[in-house]
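What follows is a single structure, written as C-alpha cells, with notes after it.
In the numbering used here, the protein residues as written are 1 to 629.
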C-alpha cells in the first residue's frame with residue numbers, strides 16, 4: 001500500500017465527505033427534516049472544528065451552485081436543483097446548531113468563570129457574567145440554561161458549600177424569570193390608571209410599584225415594591241438584613257432587569273408625550289439605577305451583617321447600578337440636556353441621586369462615563385447644588401474632549417454656562433456659551449446651538465444692563481441670539497430653553513424701554529416657567545414684568561408684579577430682590593402711602609393665591625428692610 005493511500009484524511013476532507021453524504025441522504029429520503037439533520041450534526045461534529053466544517057460546507061455549496069449554473073439538460077438541471085434544496089436544509093440545520101452551540105458555549109464558559117472565582121466572590125462574578133453590556137448578552141435562553149448547568153454541576157460537586165451556592169444561583173435565576181412572567185401582563189397597565197406617576201414623586205401611591213407589590217408573591221420583591229409605592233428609599237430594606245438569602249437577591253436582580261427592559265421597550269415604541277414617550281426611557285433607567293444605589297447605601301449601614309458582607313453586598317449593588325447606567329449611556333436618545341427629569345419637580349427628585357456618582361469611579365468606558373456625569377451634573381444643578389454640578393460637568397467636559405464626543409462637550413459647556421447665569425457670573429456664562437455656539441454650528445447640533453444661543457443672548461443682555469445706559473443698537477445682537485434660540489427651542493419642544501429666551505428678550509426690551517414687546521415676551525416666559533416649575537425664572541419674570549408695566553404707566557399692575565418679584569427673588573436668596581424693592585418704593589411714592597396700602601389690600605386674595613398668607617404679610621417687612629439699607 002502506498003503512502004498516499006495510508007495517509008489519514010484531514011478534518012476538512014472528512015467534513016467534505018460528511019457534507020456530501022448528508023446531501024445524498026436528504027435526496028434519498030433518509031433524512032426527512034431540518035431537525036433530523038440537526039441531530040446528525042450534533043452527534044458528528046467535533047468540538048472546536050466548527051470553522052473547518054463551515055468552510056467545507058461553503059465549498060460544497062459553491063460547487064453545487066456552479067454545477068447548477070452549468071446545466072442545460074432539463075433532467076440534470078432538476079437533479080442540480082434537488083441538490084441545492086438539500087443544501088438549504090443542511091445550511092438551516094447548521095445555523096440552528098451554531099445558535100444553540102453559542103448559547104451552550106457562552107453558558108458553559110460563564111459557569112466556569114463562576115467556579116474559578118474565589119469562594120467569597122462568586123455572587124459578584126455571577127453579576128458580572130450577566131452584565132448586559134457584555135457580548136454576547138445573556139438573554140432568557142442563556143439564563144435558563146445557566147440555571148440548569150448550575151443545578152446539574154451542584155449535584156456532582158464534593159464541596160457542599162459550593163454546591164449549595166450553585167443551587168441558590170439556579171433557584172434565583174429560575175424564580176427571577178418566573179416572577180417576571182407573573183408581572184409581564186400588567187407591565188404598563190398602571191399608566192392608564194388615574195393619578196399614577198413614575199415612582200419618585202411625593203405621593204402615597206406611585207407608578208407601577210403598588211400594582212406589582214399586590215401581584216408578586218416573593219417576599220423580597222414584594223417588600224421593595226411596597227416601599228417604592230410609598231416613596232420610601234430602598235436602603236431601609238438592605239439595612240435591615242440579618243442574613244443573606246442568595247437566591248432571593250439573584251431573583252431580584254433578574255426581575256428588576258426584565259421589568260426595566262420591558263418598560264424601556266414599551267416606552268421606545270410610544271409617541272412622545274408627557275406620560276409615555278422616548279424621554280420616559282431615561283426616567284426608567286435612572287429609577288432602576290437609583291434603586292440599586294439605595295440598596296448599596298443600605299448595605300453599608302447593615303449593622304447585623306459582618307463588615308465584609310456589608311462592603312461586598314454594597315459593591316454588588318453598585319455594580320448593577322453601574323451596569324444600568326452604562327446601558328443607558330449607549331442609547332442614541334440619551335438626554336444630554338436633562339430631558340430625563342421632565343416628570344420630576346426640583347423638590348421631589350430624591351436626594352439619593354447622589355448615590356449614582358459612586359459606581360462611576362469604576363467605569364472603564366470614558367464616553368459612557370462622560371455622558372452619565374452630564375446627567376448627574378444636570379440633576380445637581382436642578383436641585384440647586386451648583387458646586388457639585390460644576391465639578392461633575394467639568395469632569396464630563398474633560399472626558400468628552402478626550403474621546404472626541406463633541407455633542408457631550410457642547411452639552412457640558414452649555415450646562416456650565418447656565419450655572420454661571422444662576423450665579424450671576426455673566427462673563428463666564430458668555431465665554432462658555434460662545435464656545436458652545438461655535439462647536440454646535442460646526443457639528444450641526446441644533447439642540448446644542450439652541451441652548452448656547454439662549455445662554456449667550458441672556459448673558460449679553462445682563463452684561464449690557466450693568467452699563468449706565470443701553471442703546472437698541474447695543475442689544476441688537478443679543479436680541480438676535482435670543483430670537484434664534486427661541487425659534488430653535490420651539491421646534492425642539494424644549495420648554496425650559498424657550499422660557500429662558502423669552503425672559504431674556506423681555507429683559508432686553510425693558511432695558512431699551514420697549515414695554516409692549518417686553519410684556520408679551522415676559523408673559524410667555526412666565527407661563528412656560530410655571531409649566532416646568534422653574535422658580536428662578538418665575539421670580540425674574542415677575543420682577544421684569546413689574547418694570548414693563550411701570551414703563552406702560554400701569555401702576556397698579558406694576559405694583560402687583562414688582563411685589564411678587566421682590567418676594568420670590570428673596571425666597572430664592574437672590575440679591576436681585578433689591579432691584580424689585582427699589583421699584584416698589586418708587587411706586588409707593590407715586591401712589592402715596594395710603595393708596596399703596598389700600599392697593600395691597602385690594603390685591604390680597606391674588607397675593608395669597610400665589611405666595612400664601614405668610615408671603616403677603618412679609619411684603620411690608622421686605623420694603624422696610626430695603627429702606628433701611
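Glycine included, C-beta positions come from ideal geometry on N, C-alpha and C.
If you're wondering where the values come from, they're calculated on a predicted model, not measured in any experiment.
Residue i versus residue j: straight-line alpha-carbon distance, rounded
i           : j           : result
residue 166 : residue 491 : 55 Å
residue 638 : residue 253 : Only positions 1 to 629 of the chain appear in this structure, which leaves residue 638 out of reach.
residue 474 : residue 450 : 22 Å
residue 91  : residue 67  : 18 Å
residue 630 : residue 107 : Outside the displayed span of the chain (1 to 629) sits residue 630, for which this structure offers no information.
residue 248 : residue 255 : 10 Å
residue 551 : residue 524 : 19 Å
residue 605 : residue 513 : 31 Å
residue 23  : residue 102 : 25 Å
residue 186 : residue 263 : 11 Å
residue 470 : residue 259 : 58 Å
residue 611 : residue 457 : 30 Å
residue 541 : residue 333 : 32 Å
residue 58  : residue 139 : 29 Å
residue 575 : residue 129 : 54 Å
residue 631 : residue 61  : Here the chain covers residues 1 to 629 and nothing more, so residue 631 does not appear.
residue 210 : residue 304 : 29 Å
residue 35  : residue 41  : 10 Å
residue 308 : residue 126 : 18 Å
residue 685 : residue 215 : A question about residue 685 goes unanswered here, because the residues of the chain that appear run from 1 up to 629.
residue 336 : residue 329 : 10 Å
residue 515 : residue 507 : 10 Å
residue 141 : residue 39  : 20 Å
residue 466 : residue 407 : 33 Å
residue 414 : residue 533 : 20 Å
residue 182 : residue 33  : 36 Å
residue 19  : residue 222 : 55 Å
residue 569 : residue 581 : 10 Å
Nearest residue (CA-CA) to residue i, options the options
i           : options            : result
residue 626 : 607, 585, 560, 156 : 585
residue 579 : 113, 604, 563, 162 : 563
residue 521 : 530, 510, 531      : 510
residue 270 : 181, 191, 570      : 191
residue 504 : 178, 70, 237, 418  : 418
residue 424 : 135, 616, 462, 97  : 462
residue 152 : 304, 142, 121, 163 : 163
residue 595 : 559, 576, 468      : 559
residue 144 : 135, 175, 541, 78  : 175
residue 646 : 446, 410, 447, 445 : Because the chain here runs from 1 to 629, residue 646 falls outside it and cannot be looked at.
residue 412 : 371, 385, 322      : 371
residue 52  : 10, 230, 38        : 10
residue 318 : 331, 300, 306      : 300
Residue i classed as buried or exposed, judged by whether at least 16 other C-beta atoms fall within 10 angstroms
i           : result
residue 598 : exposed
residue 171 : buried
residue 489 : buried
residue 437 : buried
residue 118 : exposed
residue 293 : buried
residue 369 : buried
residue 237 : buried
residue 158 : exposed
residue 593 : exposed
residue 661 : This structure does not reach residue 661, given that the chain is present from 1 up to 629, and the question cannot be answered.
residue 78  : exposed
is_contact[residue i, chain D] using C-beta, thresh 8 Å
i          : result
residue 97 : Absent from the structure: chain D. Only one protein chain is present.
Residue range of the unbroken alpha helix (DSSP H) whose run includes residue i
i           : result
residue 383 : It is not in any alpha helix (DSSP H) - residue 383 carries neither H nor E in the DSSP assignment.
residue 111 : 74 to 116
residue 209 : 209 to 215
residue 552 : Taken as a continuous stretch (DSSP letters only), residue 552 belongs to no alpha helix (DSSP H), as it is neither H nor E.
residue 448 : 446 to 465
residue 260 : 246 to 268
residue 617 : 604 to 627
residue 160 : 160 to 184
residue 157 : No alpha helix (DSSP H) contains residue 157, which DSSP labels as neither H nor E.
residue 437 : 426 to 443
residue 516 : 515 to 532
residue 228 : 219 to 229
residue 577 : 577 to 591
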